[in-house]
Amino acid sequence: MRRHFRTGATFVAVAVIFAVSGCGLTSNNDSLNGDPAELPTPTPIPTASIAPIDGELPYDSADPTTWTDRQLVAQTIFQCAPVSNIGALSKAVRKGLGGVVFLGGVAPSNLAQQIIKLAANSGDRVPPFIASDEEGGVVQRLADVIYPLRSAETMGTWPDAEVTRTAAKYGKAMKKLGVDMALSPVADLDSPGHFIGSQSRAFSSTPSGAARSAIAWATGLESVGVAPVIKHWPGHGLATDTHLAPGILPAYDKLTKSDLIPFDRAIAAGFTAVMVGHLESKGLTERGVPASRSPKALAILRNQIGPDGLIITDSLSMEAALVGVHHRTGEVVRASLDAGADVALICSGPTDIVDRVVAQISPEGLTRDDLIEKVKRILAWKKRFGVIE
(Lines of atoms letter the chains of each structure in order from A and count residues from 1; the text may use other names and numbers.)
(Lines give C-alpha, C1' and ligand atoms only; values in the text may rest on other atoms or scores of the structure.)
Protein backbone atom coordinates (compact mmCIF):
# COMPACT_ATOMS: atom_id res chain seq x y z
CA MET A 1 0.00 0.00 0.00
CA ARG A 2 3.01 2.30 -0.26
CA ARG A 3 3.23 5.25 -2.60
CA HIS A 4 4.67 4.20 -5.91
CA PHE A 5 5.65 7.62 -7.23
CA ARG A 6 7.40 9.28 -4.32
CA THR A 7 10.52 7.15 -4.13
CA GLY A 8 13.54 8.99 -5.43
CA ALA A 9 11.95 12.39 -4.96
CA THR A 10 15.14 13.72 -3.35
CA PHE A 11 16.97 13.63 -6.67
CA VAL A 12 13.99 15.17 -8.43
CA ALA A 13 13.75 18.00 -5.91
CA VAL A 14 17.34 18.99 -6.67
CA ALA A 15 16.56 18.93 -10.38
CA VAL A 16 13.49 21.06 -9.87
CA ILE A 17 15.38 23.58 -7.74
CA PHE A 18 18.14 23.95 -10.33
CA ALA A 19 15.53 24.22 -13.07
CA VAL A 20 13.74 27.12 -11.43
CA SER A 21 16.67 29.06 -9.97
CA GLY A 22 16.80 32.51 -11.46
CA CYS A 23 13.55 32.14 -13.37
CA GLY A 24 11.34 35.19 -13.48
CA LEU A 25 7.84 36.06 -14.57
CA THR A 26 7.09 35.92 -18.25
CA SER A 27 5.08 38.61 -19.96
CA ASN A 28 1.86 36.63 -19.54
CA ASN A 29 2.56 33.76 -17.18
CA ASP A 30 4.96 32.18 -14.71
CA SER A 31 6.81 29.12 -15.94
CA LEU A 32 9.60 26.70 -15.12
CA ASN A 33 12.83 26.84 -17.12
CA GLY A 34 12.24 23.37 -18.46
CA ASP A 35 9.22 21.11 -18.27
CA PRO A 36 9.13 19.06 -15.03
CA ALA A 37 7.74 16.15 -17.03
CA GLU A 38 11.08 15.92 -18.85
CA LEU A 39 13.23 15.60 -15.72
CA PRO A 40 15.21 12.32 -15.55
CA THR A 41 13.71 9.48 -13.56
CA PRO A 42 16.01 8.74 -10.60
CA THR A 43 16.84 5.37 -9.10
CA PRO A 44 14.22 4.56 -6.44
CA ILE A 45 15.27 5.07 -2.83
CA PRO A 46 14.09 2.29 -0.51
CA THR A 47 11.81 3.38 2.32
CA ALA A 48 12.37 1.76 5.70
CA SER A 49 9.41 0.07 7.33
CA ILE A 50 8.48 1.32 10.78
CA ALA A 51 6.99 -1.09 13.28
CA PRO A 52 3.36 -0.53 14.28
CA ILE A 53 2.86 1.64 17.35
CA ASP A 54 0.25 1.64 20.08
CA GLY A 55 0.15 -2.17 19.82
CA GLU A 56 -1.92 -2.03 16.62
CA LEU A 57 -1.42 -4.24 13.59
CA PRO A 58 -0.78 -2.88 10.08
CA TYR A 59 -3.91 -1.72 8.28
CA ASP A 60 -5.61 -3.67 5.53
CA SER A 61 -6.28 -0.76 3.19
CA ALA A 62 -8.78 -2.81 1.21
CA ASP A 63 -11.05 -3.46 4.18
CA PRO A 64 -11.50 -0.67 6.74
CA THR A 65 -14.16 -2.75 8.48
CA THR A 66 -11.22 -4.56 10.10
CA TRP A 67 -9.73 -1.35 11.49
CA THR A 68 -9.94 -0.22 15.09
CA ASP A 69 -11.98 2.84 16.01
CA ARG A 70 -8.77 4.80 16.56
CA GLN A 71 -7.49 3.89 13.10
CA LEU A 72 -10.76 4.95 11.50
CA VAL A 73 -10.87 8.30 13.29
CA ALA A 74 -7.21 9.03 12.57
CA GLN A 75 -7.73 8.48 8.83
CA THR A 76 -10.40 11.20 8.76
CA ILE A 77 -8.04 13.84 10.16
CA PHE A 78 -5.55 15.93 8.19
CA GLN A 79 -3.03 17.96 10.20
CA CYS A 80 -1.48 21.18 8.98
CA ALA A 81 1.90 22.71 9.78
CA PRO A 82 4.18 25.33 8.23
CA VAL A 83 6.00 23.97 5.20
CA SER A 84 9.17 25.30 6.85
CA ASN A 85 8.69 22.80 9.71
CA ILE A 86 7.26 19.62 8.23
CA GLY A 87 9.18 17.56 10.76
CA ALA A 88 6.41 18.59 13.16
CA LEU A 89 4.08 16.35 11.15
CA SER A 90 6.05 13.14 11.74
CA LYS A 91 4.03 12.20 14.82
CA ALA A 92 0.79 12.73 12.90
CA VAL A 93 1.92 10.31 10.19
CA ARG A 94 3.05 7.74 12.76
CA LYS A 95 -0.37 7.98 14.38
CA GLY A 96 -2.01 7.07 11.07
CA LEU A 97 -3.60 10.42 10.22
CA GLY A 98 -5.12 10.51 6.76
CA GLY A 99 -3.17 13.47 5.50
CA VAL A 100 -0.87 16.38 6.19
CA VAL A 101 -1.18 19.90 4.82
CA PHE A 102 1.55 22.46 4.21
CA LEU A 103 0.61 25.98 5.25
CA GLY A 104 2.72 29.17 5.72
CA GLY A 105 6.47 29.55 6.00
CA VAL A 106 9.28 29.17 3.49
CA ALA A 107 9.73 25.75 1.88
CA PRO A 108 13.21 24.29 2.49
CA SER A 109 15.40 23.48 -0.50
CA ASN A 110 15.46 19.79 0.51
CA LEU A 111 11.67 19.57 0.70
CA ALA A 112 11.38 16.40 -1.38
CA GLN A 113 13.88 14.61 0.87
CA GLN A 114 11.89 15.71 3.90
CA ILE A 115 8.67 14.44 2.29
CA ILE A 116 10.29 11.03 1.73
CA LYS A 117 11.30 10.96 5.39
CA LEU A 118 7.85 12.12 6.45
CA ALA A 119 6.04 9.49 4.37
CA ALA A 120 8.35 6.76 5.70
CA ASN A 121 6.83 7.34 9.14
CA SER A 122 3.68 5.62 7.91
CA GLY A 123 5.55 2.30 7.84
CA ASP A 124 3.03 -0.40 6.93
CA ARG A 125 0.08 1.90 7.47
CA VAL A 126 -1.91 3.61 4.76
CA PRO A 127 0.28 6.54 3.60
CA PRO A 128 -1.06 10.05 4.07
CA PHE A 129 -2.23 12.47 1.44
CA ILE A 130 0.45 15.17 1.16
CA ALA A 131 -1.45 18.39 0.50
CA SER A 132 -0.45 22.01 0.10
CA ASP A 133 -2.22 25.35 -0.04
CA GLU A 134 -1.50 26.37 -3.65
CA GLU A 135 -3.80 29.13 -4.91
CA GLY A 136 -1.15 31.45 -6.33
CA GLY A 137 -0.40 34.97 -5.18
CA VAL A 138 -0.24 35.36 -1.41
CA VAL A 139 -1.35 31.77 -0.76
CA GLN A 140 1.34 29.55 -2.27
CA ARG A 141 3.49 27.37 -0.04
CA LEU A 142 5.83 25.85 -2.62
CA ALA A 143 6.82 29.04 -4.42
CA ASP A 144 10.38 28.87 -3.13
CA VAL A 145 11.04 25.40 -4.54
CA ILE A 146 8.93 25.61 -7.70
CA TYR A 147 8.21 29.21 -8.76
CA PRO A 148 5.84 32.07 -7.87
CA LEU A 149 2.39 31.94 -9.42
CA ARG A 150 0.38 34.99 -10.32
CA SER A 151 -2.62 35.71 -8.12
CA ALA A 152 -6.01 34.19 -8.91
CA GLU A 153 -7.23 37.70 -9.65
CA THR A 154 -4.64 38.04 -12.41
CA MET A 155 -5.08 34.52 -13.76
CA GLY A 156 -8.82 35.12 -13.93
CA THR A 157 -8.17 37.52 -16.81
CA TRP A 158 -6.42 34.84 -18.87
CA PRO A 159 -8.00 32.48 -21.41
CA ASP A 160 -9.17 29.23 -19.85
CA ALA A 161 -6.61 27.22 -21.81
CA GLU A 162 -3.79 29.30 -20.33
CA VAL A 163 -5.09 28.76 -16.80
CA THR A 164 -5.26 25.01 -17.42
CA ARG A 165 -1.77 24.92 -18.90
CA THR A 166 -0.37 26.86 -15.94
CA ALA A 167 -2.03 24.55 -13.41
CA ALA A 168 -0.83 21.44 -15.23
CA LYS A 169 2.76 22.65 -15.39
CA TYR A 170 2.76 23.65 -11.73
CA GLY A 171 1.02 20.41 -10.80
CA LYS A 172 3.76 18.37 -12.48
CA ALA A 173 6.31 20.06 -10.26
CA MET A 174 4.14 19.41 -7.20
CA LYS A 175 3.88 15.74 -8.08
CA LYS A 176 7.65 15.49 -8.58
CA LEU A 177 8.11 16.82 -5.06
CA GLY A 178 5.68 14.23 -3.70
CA VAL A 179 2.68 16.51 -3.15
CA ASP A 180 -0.54 14.95 -4.42
CA MET A 181 -3.33 17.29 -3.32
CA ALA A 182 -3.77 21.04 -3.81
CA LEU A 183 -6.13 23.06 -1.66
CA SER A 184 -7.25 25.03 -4.69
CA PRO A 185 -8.88 26.42 -6.75
CA VAL A 186 -10.77 29.17 -4.95
CA ALA A 187 -14.29 29.38 -6.39
CA ASP A 188 -15.30 32.33 -4.22
CA LEU A 189 -16.40 35.58 -5.82
CA ASP A 190 -14.28 38.72 -5.69
CA SER A 191 -16.43 41.06 -3.59
CA PRO A 192 -14.90 44.55 -3.12
CA GLY A 193 -14.17 45.43 0.49
CA HIS A 194 -14.21 41.83 1.72
CA PHE A 195 -11.42 39.52 2.85
CA ILE A 196 -10.90 37.14 -0.09
CA GLY A 197 -11.08 39.90 -2.70
CA SER A 198 -8.75 42.17 -0.73
CA GLN A 199 -6.04 39.51 -1.02
CA SER A 200 -6.58 38.98 -4.77
CA ARG A 201 -7.50 35.35 -4.07
CA ALA A 202 -10.63 35.20 -6.26
CA PHE A 203 -10.62 34.71 -10.03
CA SER A 204 -13.57 36.95 -10.80
CA SER A 205 -16.40 39.03 -9.40
CA THR A 206 -18.89 37.27 -11.68
CA PRO A 207 -20.20 33.74 -11.12
CA SER A 208 -19.52 32.72 -14.71
CA GLY A 209 -15.96 34.06 -14.66
CA ALA A 210 -15.13 32.44 -11.33
CA ALA A 211 -16.61 29.15 -12.50
CA ARG A 212 -14.67 29.08 -15.78
CA SER A 213 -11.32 29.81 -14.18
CA ALA A 214 -11.87 27.44 -11.24
CA ILE A 215 -12.79 24.62 -13.61
CA ALA A 216 -9.81 25.42 -15.84
CA TRP A 217 -7.43 25.36 -12.86
CA ALA A 218 -8.87 22.12 -11.47
CA THR A 219 -8.68 20.53 -14.93
CA GLY A 220 -4.98 21.28 -15.17
CA LEU A 221 -4.16 19.88 -11.75
CA GLU A 222 -6.18 16.71 -12.21
CA SER A 223 -4.65 16.07 -15.64
CA VAL A 224 -1.25 15.51 -14.01
CA GLY A 225 -2.47 13.48 -11.05
CA VAL A 226 -2.88 16.18 -8.40
CA ALA A 227 -6.21 16.22 -6.59
CA PRO A 228 -7.87 19.65 -6.73
CA VAL A 229 -10.05 20.78 -3.83
CA ILE A 230 -12.67 23.42 -4.66
CA LYS A 231 -13.02 26.01 -1.90
CA HIS A 232 -14.54 27.64 0.23
CA TRP A 233 -18.11 26.32 -0.13
CA PRO A 234 -20.73 27.88 0.02
CA GLY A 235 -18.67 30.94 -1.00
CA HIS A 236 -16.37 33.12 1.12
CA GLY A 237 -16.59 36.23 -1.03
CA LEU A 238 -18.89 38.27 1.21
CA ALA A 239 -17.50 37.06 4.54
CA THR A 240 -14.95 38.53 6.91
CA ASP A 241 -11.68 36.76 7.76
CA THR A 242 -12.86 33.56 9.45
CA HIS A 243 -9.47 33.10 11.08
CA LEU A 244 -10.61 35.89 13.39
CA ALA A 245 -14.41 35.99 13.49
CA PRO A 246 -17.55 34.15 12.33
CA GLY A 247 -18.31 34.37 8.63
CA ILE A 248 -21.85 35.60 8.04
CA LEU A 249 -23.25 35.33 4.50
CA PRO A 250 -26.49 36.45 2.85
CA ALA A 251 -29.45 34.08 2.97
CA TYR A 252 -29.26 30.79 1.08
CA ASP A 253 -31.76 31.84 -1.58
CA LYS A 254 -29.46 34.73 -2.50
CA LEU A 255 -26.36 32.54 -2.54
CA THR A 256 -27.98 30.18 -5.03
CA LYS A 257 -28.17 33.08 -7.50
CA SER A 258 -24.57 34.22 -7.06
CA ASP A 259 -21.86 32.80 -4.79
CA LEU A 260 -22.89 29.16 -5.10
CA ILE A 261 -22.93 29.16 -8.90
CA PRO A 262 -19.16 28.58 -9.38
CA PHE A 263 -19.32 25.63 -6.99
CA ASP A 264 -22.39 24.22 -8.71
CA ARG A 265 -20.66 24.36 -12.09
CA ALA A 266 -17.36 22.94 -10.84
CA ILE A 267 -19.16 20.03 -9.20
CA ALA A 268 -21.21 19.46 -12.35
CA ALA A 269 -17.91 19.34 -14.27
CA GLY A 270 -16.82 16.43 -12.07
CA PHE A 271 -14.72 18.11 -9.40
CA THR A 272 -16.19 16.68 -6.24
CA ALA A 273 -13.57 17.26 -3.55
CA VAL A 274 -14.89 20.35 -1.79
CA MET A 275 -13.56 22.36 1.15
CA VAL A 276 -16.30 23.78 3.36
CA GLY A 277 -15.80 27.12 5.07
CA HIS A 278 -16.85 28.25 8.53
CA LEU A 279 -19.69 30.26 7.05
CA GLU A 280 -23.26 30.82 8.20
CA SER A 281 -26.23 31.48 5.92
CA LYS A 282 -29.89 31.68 6.87
CA GLY A 283 -31.76 28.83 5.24
CA LEU A 284 -28.58 26.83 4.64
CA THR A 285 -27.11 26.42 8.11
CA GLU A 286 -28.66 26.09 11.53
CA ARG A 287 -28.56 29.30 13.55
CA GLY A 288 -25.12 29.94 14.99
CA VAL A 289 -23.63 26.87 13.29
CA PRO A 290 -21.05 27.23 10.48
CA ALA A 291 -21.44 25.15 7.32
CA SER A 292 -18.36 23.12 8.28
CA ARG A 293 -20.38 21.41 11.04
CA SER A 294 -23.93 22.01 9.88
CA PRO A 295 -25.87 18.77 9.24
CA LYS A 296 -28.31 20.68 7.05
CA ALA A 297 -25.65 22.31 4.88
CA LEU A 298 -23.50 19.21 4.52
CA ALA A 299 -26.53 17.11 3.57
CA ILE A 300 -27.21 19.57 0.73
CA LEU A 301 -23.58 19.37 -0.39
CA ARG A 302 -23.49 15.57 -0.14
CA ASN A 303 -26.60 15.31 -2.29
CA GLN A 304 -24.85 17.45 -4.88
CA ILE A 305 -21.43 15.78 -4.97
CA GLY A 306 -22.80 12.26 -4.62
CA PRO A 307 -21.69 9.36 -2.42
CA ASP A 308 -18.13 9.31 -3.78
CA GLY A 309 -17.38 13.02 -3.32
CA LEU A 310 -15.03 14.18 -0.58
CA ILE A 311 -16.04 16.84 1.96
CA ILE A 312 -13.09 18.53 3.69
CA THR A 313 -13.40 21.20 6.36
CA ASP A 314 -11.38 24.38 6.44
CA SER A 315 -9.03 24.44 9.42
CA LEU A 316 -11.00 23.68 12.57
CA SER A 317 -8.48 25.68 14.57
CA MET A 318 -9.86 28.93 13.13
CA GLU A 319 -11.92 31.24 15.30
CA ALA A 320 -15.09 30.89 13.23
CA ALA A 321 -14.95 27.10 13.54
CA LEU A 322 -14.99 27.22 17.32
CA VAL A 323 -18.14 29.31 17.78
CA GLY A 324 -20.35 27.68 20.40
CA VAL A 325 -17.93 24.89 21.39
CA HIS A 326 -15.82 26.78 23.94
CA HIS A 327 -12.67 26.48 21.83
CA ARG A 328 -12.49 22.69 22.13
CA THR A 329 -11.00 21.46 18.87
CA GLY A 330 -11.77 17.84 19.70
CA GLU A 331 -15.46 18.65 20.03
CA VAL A 332 -15.60 20.60 16.78
CA VAL A 333 -13.85 17.75 14.94
CA ARG A 334 -16.43 15.29 16.23
CA ALA A 335 -19.27 17.67 15.35
CA SER A 336 -17.98 18.17 11.80
CA LEU A 337 -17.58 14.45 11.18
CA ASP A 338 -20.98 13.76 12.71
CA ALA A 339 -22.54 16.45 10.50
CA GLY A 340 -21.22 14.82 7.33
CA ALA A 341 -17.63 15.93 6.69
CA ASP A 342 -15.23 13.20 5.55
CA VAL A 343 -12.03 15.00 6.51
CA ALA A 344 -11.42 17.31 9.46
CA LEU A 345 -8.47 19.67 9.01
CA ILE A 346 -6.70 20.61 12.24
CA CYS A 347 -3.65 22.68 13.14
CA SER A 348 -3.05 21.31 16.64
CA GLY A 349 -1.75 18.08 18.17
CA PRO A 350 -3.75 15.06 16.96
CA THR A 351 -3.46 12.58 19.83
CA ASP A 352 -5.92 14.15 22.26
CA ILE A 353 -8.30 14.96 19.40
CA VAL A 354 -8.36 11.37 18.15
CA ASP A 355 -8.95 10.15 21.70
CA ARG A 356 -11.84 12.56 22.23
CA VAL A 357 -13.55 11.62 18.98
CA VAL A 358 -13.15 7.89 19.66
CA ALA A 359 -14.68 8.36 23.11
CA GLN A 360 -17.77 9.94 21.54
CA ILE A 361 -18.56 7.27 18.95
CA SER A 362 -22.12 6.18 19.67
CA PRO A 363 -25.24 4.76 17.98
CA GLU A 364 -27.00 8.10 18.54
CA GLY A 365 -24.32 10.29 16.95
CA LEU A 366 -21.12 9.58 15.05
CA THR A 367 -21.19 5.82 14.50
CA ARG A 368 -18.52 3.32 13.55
CA ASP A 369 -20.41 2.64 10.32
CA ASP A 370 -20.28 6.38 9.53
CA LEU A 371 -16.52 6.35 9.99
CA ILE A 372 -16.10 3.27 7.80
CA GLU A 373 -17.96 4.99 4.95
CA LYS A 374 -15.80 8.11 5.29
CA VAL A 375 -12.62 6.06 5.27
CA LYS A 376 -13.76 4.13 2.20
CA ARG A 377 -14.14 7.46 0.38
CA ILE A 378 -10.72 8.66 1.53
CA LEU A 379 -9.08 5.41 0.41
CA ALA A 380 -10.81 5.62 -2.97
CA TRP A 381 -9.42 9.12 -3.48
CA LYS A 382 -5.96 7.98 -2.39
CA LYS A 383 -6.05 5.19 -4.94
CA ARG A 384 -7.32 7.53 -7.64
CA PHE A 385 -4.39 9.92 -7.16
CA GLY A 386 -1.64 7.37 -6.65
CA VAL A 387 -1.19 7.55 -2.89
CA ILE A 388 -1.94 3.83 -2.58
CA GLU A 389 -1.93 1.13 -5.21
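Numbering (our numbering), first residue to last: 539 to 927.
For glycine and all other residues, C-beta sits at the position ideal for the given N, C-alpha and C.
All values derive from a computational prediction rather than experimental measurement.
In the structure shown, the three-state DSSP call for Ala789 is coil. Counting only residues of its own chain and dropping the five nearest sequence neighbours on each side, Lys834 has a CB closer than 8 Å to the CB of Leu822, Thr823, Glu824. In the three-state reduction of the DSSP assignment, Met712 falls in the helix class, which pools H, G and I. Annotation: Val677 to Arg739 spans about 8 Å, alpha carbon to alpha carbon. Under the three-state reduction of DSSP output, Trp771 falls in the strand class.
Only buried fits Thr780, as 16 or more other CB atoms lie within 10 angstroms of its CB. Closest in alpha carbon position to Phe616, among Arg915, Ala748, Val863, Cys885, is Cys885. Secondary structure in the stretch 606–692: the alpha helix (DSSP H) runs of 4 residues or longer, each lying completely within the stretch, are 607–613, 628–632, 649–658 in chain order. In the three-state scheme derived from DSSP, where H, G and I count as helix and E and B as strand, Lys912 is classed as helix. Within 10 angstroms of the beta-carbon of Glu673 lie 16 or more other beta-carbons, which makes it buried. Partner residues in the beta bridge of Glu818, as assigned by DSSP, are Ile786.
Beyond the five residues adjoining it in sequence on each side, Ala873 comes within less than 6 Å, by CB distance, of Arg831 in the same chain, given in chain order. Under the three-pair Cβ rule at 8 Å, the stretch 725–742 does not count as touching the stretch 707–717. Here the alpha carbons of Val827 and Val863 stand approximately 10 Å from one another. The shortest C-alpha to C-alpha distance from Leu656 to any of Ile684, Asn623, Pro686 is the one to Asn623. Residue environment for Ala645: buried (at least 16 other C-beta atoms within 10 angstroms of its C-beta).
Close CB contacts of Ile786 within its chain, under the 7 Å cut and outside five residues either way in sequence, are with Ala777, Glu818 (chain order).
Between the stretch 677–697 and the stretch 738–752, the count of Cβ pairs shorter than 8 Å is three or higher; the stretches touch. If you look at Leu759, you'll find it in the alpha helix (DSSP H) that goes 745–761. By the criterion of at least three beta-carbon pairs nearer than 8 Å, the stretch 793–806 is in contact with the stretch 760–774.
The three-state reading of DSSP puts Val881 in strand, counting E and B together.
Contact between the stretch 606–616 and the stretch 881–895 is present: 3 or more CB-CB pairs across the two stretches fall below 8 Å. DSSP lists no beta-bridge partner residue for Thr778.
Contact between Leu854 and Val871 holds, with the beta-carbon distance rounding to 6 Å and staying under 8 Å.
Of the candidates Gly675, Lys633, Ala754, Phe640, Lys633 places its Cα closest to the Cα of Gly661. When DSSP states are grouped into helix, strand and coil, Thr823 belongs to the strand group. Of Thr851, Gly878, Asp846, the smallest CA-CA separation from Ala837 is found for Gly878. For Thr851, the enclosing beta strand (DSSP E) stretches over residues 848–851. When DSSP states are grouped into helix, strand and coil, Val895 belongs to the helix group. Met813 is bridged by DSSP to Ile850. About 11 Å separates the beta carbon of Ala829 from that of Val812, a gap too long to meet the 8 Å contact definition. Sequence-distant partners of Ser628 (beyond 5 residues in either direction) whose C-beta falls short of 7 Å from its own C-beta, in its chain, are Leu656, Asn659. Between Pro745 and Pro800, the gap from beta carbon to beta carbon is short of 9 Å. For the set Met856, Pro697, Ala897, the Cα lying nearest the Cα of Pro784 is the one of Met856.
For Phe733, the enclosing alpha helix (DSSP H) begins and ends at 733–736.
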